[in-house]
Every structure is written in structure tokens, then in C-alpha cells.
Amino acid sequence: MQEYLRRSAVWAQELDATREWPFFDLAAHVDTSIRANPQALDALKSNLESKTTGTVVFETCESMLHWSALKDSGHAVLPALDDPFEPLIVMYERGGGFTSGKGFIDFDGLSMPVRTWRDRLEPVPAVLIDDTVLDELDKES
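Residues 2 to 142 (my numbering) are what the sequence shown spells out, left to right.
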């Protein structure tokens, strides 16, 4: 999550979207006319409704679909920044989830402060998105 917050802060600054940080529709800040396929959004909603995910998980997945549609369109010129959603995708693929509220992000009882986008704006990744590294971090927690 820390790496997502870092990347999200970098993108928020780049797209002048700092007021919406940390969970926002990045694609809409690049081109509002390119959106995800409605059938893909319906499938996402159907899939996540059967699970006990929070609203923010659905919203981030929806934003990922819009981002993917934007990248696939070939019409947007994007800055050479790290993929904003890779950390969340990896977390979700590894079975993780979270809720967010009142300035904290909660992971099944463990929480971390969100802080501000400026606090998260770092040039160096918070953690390497690598299975071996992540496996070791999982063992420690």
C-alpha cells in the first residue's frame, strides 16, 4: 500500500489532482472521453458484489479498468512514470484488501495513516514489487 500511495502521489502531482488523492480516477484526468467498456464494469461489479470488499476496493478496480482502456486506446500521451496501479493489482492478486476512512487505511485490523500526498511524494519506491521480496514481507507480518 505504501508503494501505491507513493505512486499515486507522483501521478496526482503530475495530473494536478492532488485534491483527490489518494484514490482517484487517474484516467479521467488525462482524457474524460476514454472509459472502460460498460460490460467490463458490469462484470467487475457482479464479481465484487459476491465478495466482502469495501467501496474503495471497487472504486480502485473501476479506476484500473478506466486506466487500462486509456492506455489501450493509444490516444493518450502519458508521462514516463511507474504504473500507478501495479501495487494494488499485486496486493489484490495476493489476496489482500483494505478499507479507508478517517485518515487511516485498514488491513484486517492493522492500520496505517494516510498522511498527505506531499508526505508520500518520494522519488524512490517504498518497496520493490517482487514476489520474493513480498513473500518475505508477508512472513514478517
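C-beta atoms are modelled at their ideal positions from N, C-alpha and C, and glycine is treated no differently.
Can you tell me whether DSSP reads residue i as helix, strand or coil?
i	result
S69	helix
L160	There is no way to answer for residue 160, as the model of the chain reaches only from 2 to 142.
L111	strand
F24	coil
S51	coil
With a threshold of 7 Å (Cβ to nearest heavy atom), would residue i be considered close to the ligand PLP?
i	result
M2	This structure simply doesn't include the ligand PLP, nor any ligand for that matter.
Are the CB atoms of residue i and residue j nearer to each other than 8 Å?
i	j	result
R95	L66	no
W12	P85	yes
A28	W118	no
R7	R121	yes
F99	I106	yes
A70	N48	no
V31	L45	no
G97	V115	no
L79	E63	no
Would you tell me roughly how many angstroms separate the C-alpha atoms of residue i and residue j, rounded to the nearest one?
i	j	result
F25	T61	7 Å
A77	G102	32 Å
E4	Y93	14 Å
Any idea which residues DSSP pairs residue i with across the strands?
i	result
I106	S101, M113
Going by DSSP, what residue range makes up the alpha helix (DSSP H) through residue i?
i	result
H30	27-31
P88	87-94
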